[in-house]
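So the protein sequences, as listed, match chains A, B and C. FYI, in this note's numbering the residues of the first sequence are 6 to 489. FYI, in this note's numbering the residues of the second sequence are -8 to 332. FYI, in this note's numbering the residues of the third sequence are 956 to 1193. All remarks here apply to the structure that follows.
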Amino acid sequence: MSTHETEYPVWRRPVLEDESLEEQAEHLRRRHLLLDPRYPWDMNDDVLKPMYQTSRTFWVLFVALFGLVMMGVVTWGFQIYWGLGITGLNRPINWGLFLVNTVYFIGIGHAGTFISAALRVMKVEWRRPISRAAETVTLFALGAAALSIFMHLGRLWKAYWMLPYPNQRQLWPNFHSPLMWDFMAILTYLTGSVLFVYLGLLPDLAMARDHTRGWRHRFYSILALGWRGTEKEWAHLETTLNIFSYVIIPVMFSVHTIVSWDFAMALQPGWNSTIFGPYFIIGALYSGVAAVIIVMAIIRKGMRLQYFLRDEHFNGMAMFLLLLTFAWAYFYFNDYIAPWYHGEPAMKVIFDLFRRGWAAPLWFLMLFGNILLPAATLWQRRVRRSIPALVVIAIFVQIGMYLERYLIVPVFLGYNELPFSWGIFVPRAGVILTIAALAFVFLGYLVFSRFFPLIPAWEILEGQILQGLRRIGRALLPTRTDVH
Amino acid sequence: MANRSVLALYHEATSTADTIDRLRELGVPDESITVMSGIPYAPAILGRRPMYERLAPIALIGAVGGFLAALFLTVVTPHLYAIPVGGQPLVPGPPTIIIVFEFTMLGTLLATFGGLLAEIAFPAVGRHEYDFRITEGHIGVLAVVDESLVEQVESALSETGAHHLKVADTSPPRGPQTLKRLAFVGAFAAVPTIIGLLFAYALLVIPLPNQMVNQASIAYDQGPRLAAPAEAVPVQGSVLVAGVPASQPVAVTADSLQRGSILFTINCVQCHGPDGTGIGRMSGYFVPPPADLTSERVQALSDQQIFLVLTQGWGLMPSMAENLLPVDRWDVVNHVRSLQK
Amino acid sequence: MEQPKRKWTMVIDLDKCTGCAACVVACHAENNVPIVTDQEVARGRGQHWIRIERYWVGEYPHLEARFLPLLCQHCDNAPCEPVCPVYASVHSEREGLNLQVYNRCIGTRYCANNCPYKVRFFNWYDPVFPEPQEQQLNPDVTVRSAGVMEKCTFCVQRIRRAENAALAQGQPLHDGDVVPACVQTCPTGALVFGDLYDHESQVAKLLEPNLRKFRLFEHLGTSPSVYYLKGGASRVNA
């Protein structure tokens, strides 16, 4: 291959004289998105077309999800009117499904940030087509988490008292409280995520503006802020994206650590464990990556994005998932062994419950979904290449991680140092609201996918221009260029 | 001399770089050449000088601003309004570090974003030269040149392989751009802030449910309130309020009388006799003897008093409360009344 | 005029406690604590600012019942205070009381989770006082709505009343001027309340040389203001 590749546009591939090289090139093109460039206008079409198509499946899904969300809204209305008694919470289990949901949704959100920011910093190329889809999961998951925390409040209409602003009551919020740290951290994270998605979207909004008409054209014109792609705009955007990536990674770590400190700061047996910080972060990444795999599979099928989302992306995510399986198992074992070893009475009761009591099915299902199933399957290449298998494993991971949070919040809370005050939680209205929150995430994603391009076409084009093929000896090998 | 703008599109980077070289040869200054593309091209690729960016200092300013805001919230406000909690100092170490970290990051992010918008003059208000094909992978070279140079520039551009060449008048910016932009962004930020402050200082009030303002308890200056009865707190014995037993008397029906008669026979006859005159099997053992229920003294007692005697006992007579439920005792009272007639 | 520093302390003599629960009822009456239905109690929502914890010790027929009246311990290092995001649970350093500000509470319920004694109660529903029970409600104490936390206040309304009366008369507060409802009602005198800084008070005298005294969960470092005096086992043959 000549080194003067850029004398023709990258989507006009040269035909190689050597047949074996051409075979290898064809093989590589099929396997790797970034070595398979197409005409950009075709690629833009592929990205924009699904936004116009609302098939029957779409409308069925939309109506169903909307119905579930409305059911949640009505239930929430009842809860505000009657009081939190309808959730089945009691003394000592004051925190139930809402906190589980909050932790779960914030956890899912972390994968989006990791893929867009951390993988960008580490210059991992297969993040290109999935970064925006993952970040969108983050956006709506954070929204669902915020909703869950509002559902949890006893007097929701006074929630604005947590904001630090000068008022006539001469009161400021209490920064000693982990809930305030949580509030500030999630605020920072949500702001950062929204701005980060928007920044990455700007060039694609310009592309959408250029290729649409009517109300869509006006909508994208306003949102694109007049992006033209000048060097100044690109240079500044790249710098901003870099700054954002480097800043949002520590923010991401801090957010779930602070969420874990909601528990670690408490005197509750089982909660005041010093390993909660990193344990929750790994758990968050774990459930998040699994969620992104599920979402990737759905949009690949539903929006016919087979060109963009290929085996290599699922393979990358699956390898990451496997790595996180072992990391999670490591942290869980750490969290388990210390109280088991020193035989703290309340923890002894809880562990007995896990091994033999009513919580045993939950505990074993969690261990199966989080450790056994992924560790037994994901090391096989065959499984990693099979999208249905990955989706099944990812769903089990989600179930396992949800159960982990469930075991931590309502089950641990039921047992403390005063046996007279033990209790069992039977979830009631919270179940409907959990389903509604999940439906909200899916519904938001569905609607978002009709208005905003889910695949960052500019990043893929950039990757395709930067990557190339190089001959070493008889083999044709992909090369990656670092241009920054 | 009017300026004209020439926009040419190219397929890839090499021809674009050649074009820029040619434009330089023609004397077009670098600042008048704008390159627009659908993906970022590093300056080195196009033979351009890298541009100076001020985003890093702006981000730093944001970080410092966030840092100071956090210190204000965690150090100054607790000293302004000191509220002690949990044996922790007013300014606790680790929580302060956490809040400072978060606010510093938030400040950095917001300042960087704002800086980006300011530096690249976003949102771009007014018409600018552009071609939609730039987002289809073409690279656009826009040169703003004096009218006299236009033909030369056009030919130079065609030679380097431009397609879609366009010449247009440069439209002067309409009105003060910066002010418009500031107004746009300012409104975006200021309107929610003002609305929030209106609510914060209770100038706008939503009538939210605030149940504890209206209390169910009756305060001292409110009425009406039932007067507390004389003997409201029971001191001893069965519940007795103002001399009246808590249970209700039972109406004098045939059923009641019959029940009363049976109960009287079981519980009372051995001392008070079958007709209540006080001569029963056991009467001889007691000093003073069991009362004659038909005597005037007993007839003068009210029903409630007889009930109380049954409930609490009297002298040597034990309480019948264990044997008889209150409703049974009322039946017995009715029976005793019938004996007295 | 500056009020002097006090340390309100309660001493509970477990030897004298018979588990009669008169204190529970008195607290309900004094502090407008709602009575929840039996269904709610079955769901674990019994609401008693002071409760008698009853533990069975031993095997039948040698069964013993141990009674532990448990109320808010008004800890000096209260774990419930730093975790409230809106300062609804705060400490009065002047009096050594843990104060719950009802109209500030937004119901996050972190304080209840953090209390190791589990003496904090959340209003899951609006309280129901069927007529004419609302006539019995104490106007000195807020009737809490749904969504706020509540707990024993050491009858702070009685403390205030007594302090204001003493202030109005220009007299210092004497031991026995402030009597919470539970202390007033206890038939055996197992509950004693007073200012520990007052050397002449009953609590100070009880605690000073007492080998029986202990506090609950001292190892947690909460430093409670409620002292228990170890008692002989209360024998109840079941």
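We put the beta carbon where it would ideally sit given N, CA and C, even for glycine.
For the alpha helix (DSSP H) containing residue i, list its first residue and its last residue.
i: P171 (chain A); result: P171 (chain A) -> no alpha helix (DSSP H), and no H or E assigned at all.
i: K87 (chain A); result: Sequence inspection shows Trp at residue 87 (chain A); the Lys mentioned does not correspond to that position. Unbroken alpha helix (DSSP H) run through W87 (chain A): 61 to 87.
i: M42 (chain B); result: Counting along the chain, M42 (chain B) falls outside any alpha helix (DSSP H), and DSSP gives it neither H nor E.
i: H502 (chain A); result: Given a span of 6 to 489 for chain A in the structure shown, any question on residue 502 (chain A) remains unanswerable.
i: T118 (chain A); result: 102 to 118
i: G251 (chain B); result: 245 to 258
i: S1178 (chain C); result: Premise fails: S1178 (chain C) is in no alpha helix (DSSP H) and is neither H nor E.
i: I465 (chain A); result: 462 to 471
i: G307 (chain A); result: 281 to 307
i: F447 (chain A); result: 434 to 456
i: M48 (chain A); result: 45 to 57
i: S182 (chain A); result: Per DSSP, S182 (chain A) belongs to no alpha helix (DSSP H) and is neither H nor E.
i: I135 (chain A); result: Where I135 (chain A) is concerned, there is no enclosing alpha helix (DSSP H), given that its DSSP letter is neither H nor E.
i: S310 (chain B); result: No alpha helix (DSSP H) holds S310 (chain B); DSSP gives it neither H nor E.
i: I270 (chain B); result: That residue, I270 (chain B), is in no alpha helix (DSSP H); it is neither H nor E in DSSP.
i: C1137 (chain C); result: 1136 to 1140
i: W321 (chain B); result: 317 to 331
Relative to the C-alpha of residue i, which candidate in the options has its C-alpha closest?
i: L228 (chain A); options: A:M322, A:P208, A:A323, A:V126; result: A:P208
i: A47 (chain B); options: B:H119, B:L101, B:P198; result: B:L101
i: T245 (chain A); options: B:G106, B:V55, B:G131, B:D322; result: B:G106
i: L333 (chain B); options: A:E140, A:R160, A:Q29, A:L176; result: Residue 333 (chain B) lies beyond the stretch modelled for chain B, which goes from -8 to 332, so this question has no answer here.
i: A1205 (chain C); options: C:G1144, C:H1154, C:D1150; result: Residue 1205 (chain C) lies beyond the residue range present for chain C, which begins at 956 and ends at 1193; the question has no answer from this structure.
i: I460 (chain A); options: A:G114, A:A190, A:R137, A:Y341; result: A:R137
i: V52 (chain A); options: A:I465, A:G101, A:I470, A:T484; result: A:I465
i: L1025 (chain C); options: C:E1019, C:V1012, C:W1004, C:Y1015; result: C:W1004
i: W384 (chain A); options: A:D487, A:Y411, A:L328; result: A:L328
i: F277 (chain B); options: B:L307, B:L140, B:L62, B:V289; result: B:L307
i: P281 (chain B); options: B:I297, B:Q261, B:L292, B:A291; result: B:Q261
i: G1131 (chain C); options: C:G1125, C:P1142, C:D1081, C:F1148; result: C:F1148
i: V141 (chain B); options: B:F104, B:D160, B:L194, B:G56; result: B:D160
i: F319 (chain A); options: A:V79, A:V436, A:G288, A:V388; result: A:V388
i: A164 (chain A); options: C:K1185, C:T1063, C:L1092; result: C:T1063
i: V82 (chain B); options: B:E145, B:P279, B:L188, B:T65; result: B:T65
i: M76 (chain A); options: A:I135, A:F224, A:L38, A:G435; result: A:G435
Under the assumption that residue i contacts residue j (Cβ atoms under 8 angstroms), give the Cβ distance between them as a whole number of angstroms.
i: R40 (chain B); j: V136 (chain B); result: So it is not a contact: roughly 20 angstroms between Cβ atoms.
i: R1113 (chain C); j: E1050 (chain C); result: R1113 (chain C) to E1050 (chain C), Cβ: 13 angstroms. No contact.
i: L230 (chain A); j: F179 (chain B); result: No, L230 (chain A) and F179 (chain B) are not in contact; Cβ-Cβ is about 12 angstroms, not under 8 angstroms.
i: T68 (chain B); j: W186 (chain A); result: With a Cβ gap of about 16 angstroms, T68 (chain B) and W186 (chain A) do not count as contacting.
i: L272 (chain A); j: N1069 (chain C); result: 6 angstroms
i: L78 (chain A); j: A190 (chain A); result: A small correction: the amino acid at residue 78 (chain A) is Val; Leu does not occupy that position in the sequence shown. Going by Cβ atoms, the distance from V78 (chain A) to A190 (chain A) rounds to 27 angstroms, so no, they are not a contact pair.
Where do the N-terminal and C-terminal ends of the beta strand (DSSP E) with residue i fall, by residue?
i: H1046 (chain C); result: 1044 to 1047
i: Q1055 (chain C); result: 1052 to 1055
i: T486 (chain A); result: No beta strand (DSSP E) holds T486 (chain A); DSSP gives it neither H nor E.
i: F913 (chain C); result: This structure cannot speak to residue 913 (chain C), because chain C is shown only from 956 to 1193.
i: V(-3) (chain B); result: -6 to 1
i: I24 (chain B); result: 24 to 28
Whole runs of the alpha helix (DSSP H) within the stretch 188 to 252 of chain A, excluding any shorter than 4 residues: 219 to 229
Report yes or no: do the stretch 1075 to 1082 of chain C and the stretch 1096 to 1106 of chain C share at least 3 C-beta pairs separated by less than 8 angstroms? Yes, the stretch 1075 to 1082 of chain C touches the stretch 1096 to 1106 of chain C.
Identify every run of the alpha helix (DSSP H) within the stretch 51 to 139 of chain B, keeping only runs that are complete inside it and at least 4 residues long; order them along the chain. For the stretch 51 to 139 of chain B, whole alpha helix (DSSP H) runs of length 4 or above, ordered along the chain, are 68 to 71, 84 to 110.
Contained beta strand (DSSP E) runs [length at least 3] in the stretch 342 to 405 of chain A, N- to C-terminal order: none
For the stretch 139 to 160 of chain A, which residues have a CB atom closer than 8 angstroms to at least one CB atom of chain D, in sequence order? This model lacks chain D altogether, as its protein chains are A, B and C.
Assess, as a yes-or-no matter, whether the stretch 1029 to 1036 of chain C is touched by the stretch 1046 to 1060 of chain C under the definition of 3 or more beta carbon pairs within less than 8 angstroms. Contact between the stretch 1046 to 1060 of chain C and the stretch 1029 to 1036 of chain C is present, with at least three C-beta pairs closer than 8 angstroms.
What are the start and end residues of each continuous alpha helix (DSSP H) run of 4 or more residues lying completely inside the stretch 144 to 199 of chain B, in chain order? 168 to 191
Counting pairs of beta carbons, one from the stretch 144 to 152 of chain A and one from the stretch 195 to 208 of chain A, are three or more of them closer than 8 angstroms? The stretch 144 to 152 of chain A is in contact with the stretch 195 to 208 of chain A.
Could you give the uninterrupted runs of the beta strand (DSSP E) lying entirely in the stretch 959 to 1029 of chain C, keeping only those of 3 residues or more? 963 to 968, 1006 to 1012, 1019 to 1025
Segments of 3+ residues assigned as beta strand (DSSP E) that fall wholly inside the stretch 1037 to 1123 of chain C: 1044 to 1047, 1052 to 1055
Is it the case that the stretch 61 to 76 of chain A contacts the stretch 449 to 460 of chain A, given that we only count it when at least three CB pairs across the two stretches are under 8 angstroms? yes
The stretch 83 to 92 of chain A / the stretch 261 to 273 of chain A touching (three or more Cβ pairs under 8 angstroms): no
Quick one: any contact between the stretch 1011 to 1018 of chain C and the stretch 1160 to 1167 of chain C, if contact means 3 or more CB pairs under 8 angstroms? no
Do the stretch 18 to 28 of chain B and the stretch 231 to 245 of chain A meet, that is, are 3 or more Cβ pairs less than 8 angstroms apart? yes
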